[in-house]
Ligand code: CA
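Written as structure tokens, this is what we have:
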């Protein structure tokens, strides 16, 4: 899954990120309310973990803004504010669950599983995502082209999954950067282009036209024909 962690305390963000990555999830960390909100508004995440006491915008506000903008990504509030009023306020703002700090990582995993089961039961998801000959099984993290399994790194998978989420849609370098590397990357870096090059070698094989189209000066899109 693609998980956005909105947490200003580096120690906690790091603990969450390392634990969730070890479970096979892809994580992006935002250190304040504003960047968390703007990343979550792009709607490319499967789960949001949201702290409440954040610099910039308070977590309650982030949550409310997302729901007002019809972003219904499952959301768990993680906060040391553990009064009943805070819990109720968080749930009223549209959070799906609430975990008070400190919590054990196992408890978080259990809550995530429950929420994801619930949301996939509603949306009927959990199925592999497909675009033309490309198939990505989000549970086993297996990627295949025309039925042939292809080995991918975590970053490569994150980029292709993003492009496959909306075939034909243009993704700017900045959007790919923020979704895959977080917001603290220099937008002038050519890391996205380097990774797109690696992906093309893996998915296009002998084909002359790349499935990943470069839109000069703007970004990339998945161009699947037939
Ligand atoms: Ca905090």
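Residue numbers (my numbering): 2 to 227. Quick reminder that beta carbons are idealized off the backbone N, C-alpha and C, glycines included. Please read all numbers here as calculations on a predicted model, not as lab measurements.
CA-to-CA distance, residue j to residue i, given in whole angstroms
i, j, result
"residue 146", "residue 203", "9 Å"
"residue 173", "residue 218", "9 Å"
"residue 1", "residue 223", "Because the chain here runs from 2 to 227, residue 1 falls outside it and cannot be looked at."
"residue 11", "residue 130", "33 Å"
"residue 198", "residue 214", "11 Å"
"residue 91", "residue 78", "7 Å"
"residue 6", "residue 187", "20 Å"
"residue 16", "residue 106", "9 Å"
"residue 178", "residue 32", "16 Å"
"residue 19", "residue 41", "20 Å"
"residue 34", "residue 210", "41 Å"
"residue 236", "residue 13", "No answer is possible for residue 236: the residues shown for the chain start at 2 and end at 227."
"residue 67", "residue 38", "7 Å"
"residue 208", "residue 57", "48 Å"
"residue 158", "residue 65", "31 Å"
"residue 137", "residue 144", "5 Å"
"residue 36", "residue 205", "34 Å"
"residue 183", "residue 153", "20 Å"
"residue 117", "residue 212", "31 Å"
"residue 120", "residue 156", "26 Å"
Distance between beta carbons of residue j and residue i, contact taken as under 8 Å
i, j, result
"residue 80", "residue 52", "6 Å"
"residue 189", "residue 220", "Between residue 220 and residue 189 the Cβ distance is about 14 Å, and since that is not below 8 Å, they are no contact."
"residue 200", "residue 165", "Actually they are not in contact, since the Cβ atoms of residue 200 and residue 165 sit about 11 Å apart, beyond 8 Å."
"residue 225", "residue 133", "3 Å"
"residue 176", "residue 43", "7 Å"
C-beta contact flag for residue i and residue j at 7 Å
i, j, result
"residue 160", "residue 181", "yes"
"residue 55", "residue 87", "no"
"residue 94", "residue 59", "no"
"residue 2", "residue 45", "no"
"residue 49", "residue 21", "no"
Neighbour-count burial assignment, residue i, 16 or more Cβ in a 10 Å radius
i, result
"residue 195", "exposed"
"residue 103", "exposed"
"residue 111", "exposed"
"residue 141", "exposed"
"residue 63", "buried"
"residue 108", "exposed"
"residue 30", "buried"
"residue 89", "exposed"
"residue 162", "buried"
"residue 150", "exposed"
"residue 114", "exposed"
Contact test: residue i Cβ vs ligand 3 heavy atom, cutoff 6 Å
i, result
"residue 52", "This structure lacks ligand 3; the ligands present are ligand 1."
For the region 9-26 and the region 66-77, state whether three or more C-beta atom pairs, one from each stretch, are separated by less than 8 Å.
no
Does the region 95-102 come close enough to the region 125-142 to have 3 or more Cβ pairs within less than 8 Å?
no
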